[in-house]
Structure formats: C-alpha cells, structure tokens
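**Q** Got a structure for you, questions after.
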Amino acid sequence: MTTDASTRRLVLSDEEVNRYREDGYVLLRGVFPRDEADLFRREAHELIGRLQRRQSVDATWGSAREIKGAEDTRLLHCHNVQFHSALFTRLLTDPRLVDPVADLIGPNVQLHHDKLFIKPPEKGSPFPMHQDYPFFPHEKHTVLAAIIHFDDAPLEKGCVRLLRGSHKLGPVEHLTEGSYHLPLDEHPIEEAEPAEARAGDVLIFSYLTIHGSAVNTSDEARTTLLVQMRAPDDFPTNEAHRSRGQGMMLRGIDPTASAGAASS
Ligand SMILES: O=C(O)CCC(=O)C(=O)O
C-alpha cells in the first residue's frame, strides 16, 4: 500500500490486489496508527458498557459453544455502530478504509452492515468456519469484509483464520443444522491460516472466503469492527439480512439509486 503523491489516496500495490484475487484475503498493515486505533478501542468499550447497562449484548453462536473449551464463552457485539457514535460514522467513510476497497471492487463502495465485536479475555467466543455468502447472497459476489483491529490480535487472542484460496470454490453447502457454519469435524479452525494482526491493521476478505476464529484464551480483550461492503450494482438475491443503514454510500456514487419518496 502506498500513498499517491498527487491525490494523497491510499493505493493497493499490484501484489496486494493479486493476493486478494488469489488467496481471497489480504492483510493491510498499519492502516491506522496505534494511537488512533486506541481511540476507537476506547469508544468501542464505552459503547458496549453503555449498552450492557440496558440490554444483553452477548452474541455467542450456539454452534460456537459446541467447540471444545468454548462451552461458556462470550462474545460482546453491537451492529451498525454509526447509529451510536459519530466517531464510527466518520470511520466508515474514512479514505484509509474505503480507498483500498475501491481497488478491489471498483470506485463505488456501499455499506451492507457493520458489527463491533469484543472477544472478552480468557473465554472470548470462537467462530466456527463459514462463508459469509449464505447470510446475504448477492448476484456478482463483490461483497467483502474489512476487519479493523482496534487492538493486537495474536493467535492466543483468537485472531481471524482463513482458508487460503477457498473463495474459488464459489458458494459451498453449509450443512450445520440451524446455522450457516461448516461442520467442525470437516473444517477444524486450527487448520486455517491465522491472520495475526496488530492494532491499526485491516484484514480484507471476500464473503466467499471460508474463515473463522478460535477462543480468546489471553488475558486481554480482542476488539474489532467488521465492515461488510459491496459495489452498489451488486444486488442481493434474497431479502435476508436487511438492516438500518444498509445502502449508505461510503465512497463514490450509487449509479442505480432513485430519488426516494418525497416527504412534507
Ligand atoms: O471476528 C471474528 O473472529 C470472526 C468474525 C466472523 O467470522 C464473522 O462475523 O463472520
């Protein structure tokens, strides 16, 4: 990744673009400086603390609890953080996030949804291996996730793990009863490539890339914001997973949009 001298725009190298095309993911180092990542981290923990006083914010999957050693794990979450904090609203359109994405899916980048995850110390929940595709299938498969790391995510904190090149399989059948996770015996998390990250790194992967993550066994929380994005002319093939804020332009324009309903 380099900064274009005339436009100040962050540009992915050919090698990074090729890695995304070939592996189905690319880990971008130091996109945000550590002190800025720390600011996001504090905002994230304050937000979860505020919500926790009013409601449950535990998002642990049933299938995560079937993993050995993960029976009493917890995962704290908040979807669509832009409705909770203007700092996060600005982060969603930050050129350091969306310019590299434009190098992968084209100049117009639209929000699908975003979710903040805190994997608490010692028992932060694992994610069984899966593709994101079955949760929100689209026509052209431009959909990708960018995970912004607000603190370090080494192996012991349950960093994201990915099956290199698995996006080339296209949509795979997700057989697990009642969920879109892949069977644990066929897809053990430990076999996937760990994407160990540091605060400020951004991991980008296709919604077809098989991925998951293990338990956070460390004594520190792992804090991330996952932003799911697409090209605006890549339409969903079903009505699943609609949410408030979906369709917001994060970069460029929406060439397909209508004027919307008039209001008084
Ligand atoms: O944050 C993680 O460890 C994995 C998240 C994930 O796989 C997902 O939300 O689909």
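Quick note on the numbering used here: the sequence shown kicks off at 510 and runs consecutively.
For glycine and all other residues, C-beta sits at the position ideal for the given N, C-alpha and C.
The structure presented is a predicted model; accordingly, all values stated were derived computationally and were not measured.
Under DSSP, the beta strand (DSSP E) around L664 begins and ends at which residues?
**A** Here L664 belongs to no beta strand (DSSP E), and DSSP marks it neither H nor E.
**Q** G578: which of G633, Y529 and L600 sits nearest, CA to CA?
**A** Answer by Cα proximity: G633.
**Q** Determine the direct distance from the alpha carbon of G533 to that of K677, and round the result to whole angstroms.
**A** Each residue's alpha carbon lies about 8 Å from the other.
**Q** CB of I557 to nearest heavy atom of ligand 1: below 7 Å?
**A** No, the beta carbon of I557 sits no closer than 7 Å to any heavy atom of ligand 1.
**Q** In terms of residue numbering, what span does the alpha helix (DSSP H) encompassing G578 cover?
**A** Segment: none, G578 is in no alpha helix (DSSP H) and carries neither H nor E.
**Q** Starting from L613, trace the beta strand (DSSP E) in both directions and tell me its first and last residue.
**A** Looking at the DSSP string, L613 is not in any beta strand (DSSP E); the run it does join, the alpha helix (DSSP H), is P604 to I614.
**Q** Give the straight-line distance between the Cα atoms of M510 and A771, rounded to the nearest whole angstrom.
**A** Spanning the two alpha carbons is a distance of roughly 43 Å.
**Q** So, at 7 Å on beta carbons, what are the nonlocal neighbours of L521 in its own chain, with the 5 sequence-adjacent residues on each side left out?
**A** Closer than 7 Å at the Cβ level, and outside the excluded window around L521, lie M510, P609 and D612.
**Q** Quick check on this structure: which residue in T726, G761 and F659 has the alpha carbon closest to the alpha carbon of P630?
**A** With distances taken between Cα atoms, P630 lies closest to T726.
**Q** Looking at C-beta atoms only, is the number of pairs between the stretch 649-667 and the stretch 746-762 that lie closer than 8 Å three or more?
**A** In short, these stretches do not touch, since the Cβ pair count stays below three.
**Q** Roughly how many whole angstroms lie between the Cα atoms of R751 and R670?
**A** Roughly 26 Å separates the two Cα atoms.
**Q** Just curious, the alpha helix (DSSP H) that Y529 is in, first and last residue?
**A** From DSSP, the alpha helix (DSSP H) with Y529 extends over D523 to D532.
**Q** Quick check: the Cα distance between I713 and T765, rounded to an integer number of angstroms?
**A** So the alpha carbons of these two residues sit roughly 25 Å apart.
**Q** Evaluate the contact criterion for the stretch 702-719 versus the stretch 596-603: three or more CB pairs, one atom per stretch, below 8 Å.
**A** At 8 Å Cβ cutoff, the stretches do not touch.
**Q** Is D660 near ligand 1 - that is, is its Cβ less than 7 Å away from at least one heavy atom of it?
**A** Not under cutoff, so the answer is no.
**Q** Using the Cα positions of E555 and R528, report the straight-line distance between them to the nearest angstrom.
**A** C-alpha separation (whole angstroms): 36 Å.
**Q** I'd like to check one pair, G721 with F636: are the Cβ atoms closer than 8 Å?
**A** Result yes, Cβ atoms of F636 and G721 sit closer than 8 Å.
**Q** Below 6 Å CB to CB, which residues in the same chain sit around D513 once its five sequence neighbours on both sides are set aside?
**A** So the list reads V520, once near-sequence residues are dropped.
**Q** Below 6 Å CB to CB, which residues in the same chain sit around L735 once its five sequence neighbours on both sides are set aside?
**A** Contacts found: K624, A654 and I656.
**Q** Helix or strand or just coil, what does DSSP make of R559?
**A** Reduced to three states, the DSSP call for R559 is helix.
**Q** Quick check on the burial criterion: 16 or more other C-beta atoms within 10 angstroms. Buried or exposed for Q561?
**A** It counts as exposed.
**Q** Using DSSP with H/G/I as helix, E/B as strand and the rest coil, what is H588?
**A** Strand.
**Q** Consult DSSP for P637 and reduce its assignment to one of helix, strand or coil.
**A** DSSP places P637 in strand when its eight states are reduced to three.
**Q** Can you give, in chain order, each stretch of the alpha helix (DSSP H) that sits fully within the stretch 680-710 and has at least 4 residues?
**A** DSSP runs (the alpha helix (DSSP H)) wholly in the stretch 680-710: none.
**Q** Where does the unbroken beta strand (DSSP E) through T732 begin, and where does it stop?
**A** That run of the beta strand (DSSP E) goes R731 to R739.
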